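J.: So the sequence lines, in the order shown, correspond to chains V and A.
Numbered according to my numbering, the first sequence spans residues 500 to 628.
Numbered according to my numbering, the second sequence spans residues 500 to 628.
Sending over a structure as structure tokens; questions will come in a sec.
Number of protein chains: 2
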Amino acid sequence: MGMSIGEVAEHTGLSVHALRFYEKEGILAHEVHRGPGGRRVYTQQDVDWLRMCIMLRMSGMPVPEIRRYTELVRQGDGNELQRLDILKEHQDRVREQMARLQECLDLITYKVGKYQDYVNSIASRAVGQ
Amino acid sequence: MGMSIGEVAEHTGLSVHALRFYEKEGILAHEVHRGPGGRRVYTQQDVDWLRMCIMLRMSGMPVPEIRRYTELVRQGDGNELQRLDILKEHQDRVREQMARLQECLDLITYKVGKYQDYVNSIASRAVGQ
DNA sequence: GTACGAACTAGAGCCGCCTCTAGGTCAAGA
DNA sequence: TCTTGACCTAGAGGCGGCTCTAGTTCGTAC
Numbered sequence: 500m501g502m503s504i505g506e507v508a509e510h511t512g513l514s515v516h517a518l519r520f521y522e523k524e525g526i527l528a529h530e531v532h533r534g535p536g537g538r539r540v541y542t543q544q545d546v547d548w549l550r551m552c553i554m555l556r557m558s559g560m561p562v563p564e565i566r567r568y569t570e571l572v573r574q575g576d577g578n579e580l581q582r583l584d585i586l587k588e589h590q591d592r593v594r595e596q597m598a599r600l601q602e603c604l605d606l607i608t609y610k611v612g613k614y615q616d617y618v619n620s621i622a623s624r625a626v627g628q
Numbered sequence: 500m501g502m503s504i505g506e507v508a509e510h511t512g513l514s515v516h517a518l519r520f521y522e523k524e525g526i527l528a529h530e531v532h533r534g535p536g537g538r539r540v541y542t543q544q545d546v547d548w549l550r551m552c553i554m555l556r557m558s559g560m561p562v563p564e565i566r567r568y569t570e571l572v573r574q575g576d577g578n579e580l581q582r583l584d585i586l587k588e589h590q591d592r593v594r595e596q597m598a599r600l601q602e603c604l605d606l607i608t609y610k611v612g613k614y615q616d617y618v619n620s621i622a623s624r625a626v627g628q
């Protein structure tokens with residue numbers, strides 16, 4: 500049932516270094532259980548939580564803010580409004596980021612089109628057309 | 500016609516520090532002209548180029564790759580295929596990034612919905628409903 | 001019994017991208 | 001004349017997020 504840090508690394512794509520780092524940074528919802536020899540034993544819950552943290556990181560949430568969120572979850576019931584606030588704020592930021600990326604993509608696509616046309620015209624001239 | 504570094508900073512949103520940094524990093528398509536006292540005088544072309552660089556940076560292109568692209572442009576005609584390659588590769592990366600962000604957004608939106616429901620249910624219970 | 005592999009801790013190091021500092025020049029206004 | 005403020009250079013510093021090192025401790029396999 501329990502997974503070693505190496506297995507979790509493989510499953511999540513994080514490095515074992517990163518896993519220990521995240522733990523030290525306090526972004527695990529529950530303390531990781533330790534097996535014989537003081538080795539970490541992760542539950543499926545831990546891994547699920549990590550997957551969410553990965554999503555939050557991937558979408559640009561800074562580690563300290565993930566920690567804030569994690570702490571609220573650790574505190575238990577009663578602070579759902581604060582958790583909601585954090586998530587909503589982040590949601591807005593992600594939407595903004597996507598809009599900005601779309602703008603960039605539009606520009607890049609425009610330029611790619613221009614260069615493609617140019618390169619094509621050169622190529623067709625080269626075959627005598 | 501020419502703009503000072505401060506004006507360019509204001510127009511582009513970059514800091515004067517960043518502008519000098521970009522120049523040192525070699526990501527300006529043409530050498531910036533200098534006015535009396537060795538002060539930089541930017542043309543509209545410079546600013547347009549900077550705007551494109553900002554787009555590339557915003558969308559995650561690393562400074563060294565912008566430099567490579569810039570160098571190709573500086574070299575002049577004949578390397579359009581290489582420029583096209585860089586842009587296409589970056590285009591792919593931006594699309595991937597957007598897809599990943601969309602996944603994150605979906606998860607966050609799902610969680611926001613759950614918390615919103617919960618918070619609403621608490622609120623309506625509080626007014627005796 | 002020794003070699004290997006995987007884990008452990010604490011803390012240093014690295015990378016990318018700026019940002020800031022120190023020490024200076026210059027022009028215009030009070 | 002003196003101050004102010006925008007600019008200059010070179011180089012140091014800072015921040016976020018890991019990543020790596022050093023030095024151990026285990027448990028299992030040869």
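Ideal Cβ positions, reconstructed from N, Cα and C, are used throughout, including at glycine.
Keep in mind it's a predicted model, so treat the numbers as computed, not measured.
Check residue 538 of chain A in the structure and name its three-state DSSP category.
T.: By 1-based counting over the second sequence, the position of residue 538 of chain A is 39. Note: residue 538 of chain A maps to coil in three-state DSSP.
J.: Can you name the start and end residues of the alpha helix (DSSP H) that residue 576 of chain V belongs to?
T.: As a position in the first sequence, residue 576 of chain V is number 77, starting the count at 1. No alpha helix (DSSP H) holds residue 576 of chain V; DSSP gives it neither H nor E.
J.: Can you give me the C-alpha to C-alpha distance between residue 566 of chain V and residue 619 of chain A, rounded to a whole angstrom?
T.: Start at 1 with the first residue of the first sequence, and residue 566 of chain V comes out as number 67. Start at 1 with the first residue of the second sequence, and residue 619 of chain A comes out as number 120. Roughly 25 Å separates the two Cα atoms.
J.: For chain A, is any of its Cβ atoms less than 7 Å away from the one on residue 607 of chain V?
T.: Residue mapping note: residue 607 of chain V aligns to position 108 of the first sequence, counting from 1. Closer than 7 Å to some Cβ of chain A, the Cβ of residue 607 of chain V qualifies, so yes.
J.: Ordered along the chain, which non-local residues of its own chain (more than five positions away) have a Cβ less than 8 Å from that of residue 546 of chain V?
T.: Taking the first sequence and counting its residues from 1, the one referred to as residue 546 of chain V is at position 47. 502, 507, 510, 511, listed in sequence order.
J.: Going along the chain, which unbroken runs of the alpha helix (DSSP H) with 4 or more residues stay wholly within the region 505 to 558 of chain V?
T.: 515 to 523, 543 to 557
J.: Please name the residue, chosen from V/564, V/529, V/540, V/556, that lies closest to residue 513 of chain V on a Cα-to-Cα basis.
T.: The residue given as residue 513 of chain V occupies position 14 in the first sequence. Comparing Cα-Cα distances from residue 513 of chain V to each of V/564, V/529, V/540, V/556, the minimum goes to V/556.
J.: Are the region 608 to 616 of chain V and the region 578 to 586 of chain A touching by the rule of at least three beta carbon pairs closer than 8 Å?
T.: yes
J.: Run down chain A in chain order and give the residues with a C-beta less than 7 Å from the C-beta of residue 529 of chain V.
T.: Within the first sequence, numbered from 1, the residue matching residue 529 of chain V stands at position 30. Under the 7 Å cutoff, chain A gives no residues; its nearest Cβ is about 18 Å from residue 529 of chain V.
J.: Cβ closer than 7 Å: which chain V residues qualify as neighbours of residue 599 of chain A?
T.: Your numbering for residue 599 of chain A matches position 100 in the second sequence. Within chain V, the residues near residue 599 of chain A are 557.
J.: To which residues does DSSP link residue 502 of chain V through a beta bridge?
T.: Residue mapping note: residue 502 of chain V aligns to position 3 of the first sequence, counting from 1. Partner(s): V/541.
J.: By how many angstroms is the C-alpha of residue 625 of chain V removed from the C-alpha of residue 560 of chain V?
T.: Within the first sequence, residue 560 of chain V is the residue found at index 61, counting from 1. Within the first sequence, residue 625 of chain V is the residue found at index 126, counting from 1. Taking the straight line from one Cα to the other gives about 51 Å.
J.: Answer yes or no: does any C-beta atom of chain V fall closer than 7 Å to that of residue 603 of chain A?
T.: Taking the first residue of the second sequence as 1, we reach residue 603 of chain A at position 104. True, the Cβ-Cβ gap to chain V drops below 7 Å.
J.: Is there at least one Cβ from chain A nearer than 7 Å to residue 549 of chain V's Cβ?
T.: Walking along the first sequence from the start, residue 549 of chain V turns up at place 50. Not one chain A Cβ lies under 7 Å of residue 549 of chain V.
J.: Which residues, taken in chain order from the region 580 to 595 of chain A, show a beta carbon closer than 8 Å to some beta carbon of chain V?
T.: 580, 582, 583, 586, 587, 589, 590, 593, 594
J.: Any C-beta of chain A sitting closer than 7 Å to the C-beta of residue 613 of chain V?
T.: Sequence index remark: in the first sequence, residue 613 of chain V carries index 114 (1-based). For residue 613 of chain V, the answer is no, since every Cβ of chain A falls outside 7 Å of its Cβ.
J.: Quick check on residue 562 of chain V - is its C-beta less than 7 Å from some C-beta in chain A?
T.: The residue labelled residue 562 of chain V in the question sits at position 63 within the first sequence. It does not: the Cβ of residue 562 of chain V has no partner Cβ on chain A nearer than 7 Å.
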